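Since the structure comes first, as structure tokens, the remarks are kept for the end.
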Amino acid sequence: LLIHLTSTAILKDIVVIKPQWLINALGKVICDGNLHTDKDEFKRVGLEEDRKRTFEKGLASRDFLEYVWKGAQVDFFLDLMERTMLLSKWHFSENELYLIPSLLNDSFVETENINGLRCVIDFSNTFLPNGVFQRLLCLCVAHSTRGKDNKRIMEPCLHKTFAKIEFEPSCIVHLREDEEAQSITIFVGNDKFAGQYLRIVQAILRKVNHDVMGSGLSWDIYLENGVTKELVFQSEAQKENLSPWFSCENIQASVIPSGENVDLAGFLERL
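Structure below.
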């Protein structure tokens, strides 16, 4: 089995002839830090805080990654993880950090009602595999900072099954995974952006499905009626031009860009 990825110049330069080498390298990062890392070792080399931040907040420093990969093919592994949506650059720090959502392990305790119109993505007719929500977070965070002044954007609040992301100044989007119900709920805090972010989330899910899940995912989408607070099946909402999801201003935004056969950078540009 040969693995040769071609989406970036760095990936093109390497052909993997031993997949186990790849698995071992990724397993040094995506693992249970309490079981598979030596705390004393990282303390000795001055990376104690880096290790702690990686496995508590899902934010890995370049120094940490250089150390666990022994300085070998670091750019290749970073490109690989970014292209497979396991990692994204973290633009909310002066240090070089990378977000790895699969390492987020703290649960969010909801203490108050979340404001915003709901979009429920229901996978219950099949199932919601591990990793889908984390990849959704990865691309949502990448999109939220693309082409924007990060000083005007709030730093995302991220947990294992919950996220609070400011997509635009003053537009907060909450994402919540319900493992029991096999669903992901999106709360859009500003009605003006409802149609736009419905389109973006659908595009990201289709990209994850095509590139990572072998097009094996299927889901239904329900949208909240802002007046009655009832959830309406997406096709019915579109037929009724349910505002603000399908208002006149959002007709163009309702066109979902295809992510098939498009590299990740090009896909994010289209959103």
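Take the sequence shown: its position 107, counted from the start at 1, is 1157 in the numbering used here, and no numbers get skipped.
Using N, Cα and C, we set each Cβ at its ideal position, and we do this for glycine too.
Quantities reported herein were computed from a predicted structural model and do not represent experimental measurements.
Item, Value
"So, at 6 Å on beta carbons, what are the nonlocal neighbours of residue 1217 in its own chain, with the 5 sequence-adjacent residues on each side left out?", "1194, 1223"
"Are the region 1237–1249 and the region 1171–1181 touching by the rule of at least three beta carbon pairs closer than 8 Å?", "no"
"In chain order, what residues of the same chain have a beta carbon less than 7 Å from the beta carbon of residue 1296, not counting five sequence neighbours either side?", "1245, 1287, 1288, 1304"
"Among the residues of its own chain, which have a CB less than 8 Å from the CB of residue 1268, if the five just before and after it don't count?", "1173, 1175, 1176"
"Closest by CA to residue 1272, which one among 1075, 1169, 1265, 1119?", "1169"
"Do residue 1181 and residue 1390 come within 7 Å of each other at the CB atom, strictly closer than that value?", "In this structure the chain extends from 1051 to 1321, so residue 1390 is not present and cannot be described."
"On the DSSP bridge assignment, give the partners of residue 1274 in chain order.", "1281"
"Cβ atoms of residue 1147 and residue 1111: under 7 Å apart, would you say?", "yes"
"Report the rounded CA-to-CA distance for residue 1071 versus residue 1254, giving the unit in angstroms.", "29 Å"
"Could you tell me which residues DSSP pairs with residue 1208 in its beta bridges?", "1213"
"Does the beta-carbon of residue 1302 have 16 or more other beta-carbons within 10 angstroms, so that it is buried, or is it exposed?", "With a pLDDT of 47 at residue 1302, under the threshold of 50, the modelled position of this residue cannot be trusted; read the value that follows with caution. Exposed: under 16 other Cβ atoms inside 10 Å."
"Can you tell me which of the three DSSP states residue 1104 falls into?", "helix"
"Go ahead and pull the three-state DSSP assignment for residue 1195.", "helix"
"Rounded to whole angstroms, what is the Cα-Cα separation between residue 1219 and residue 1204?", "8 Å"
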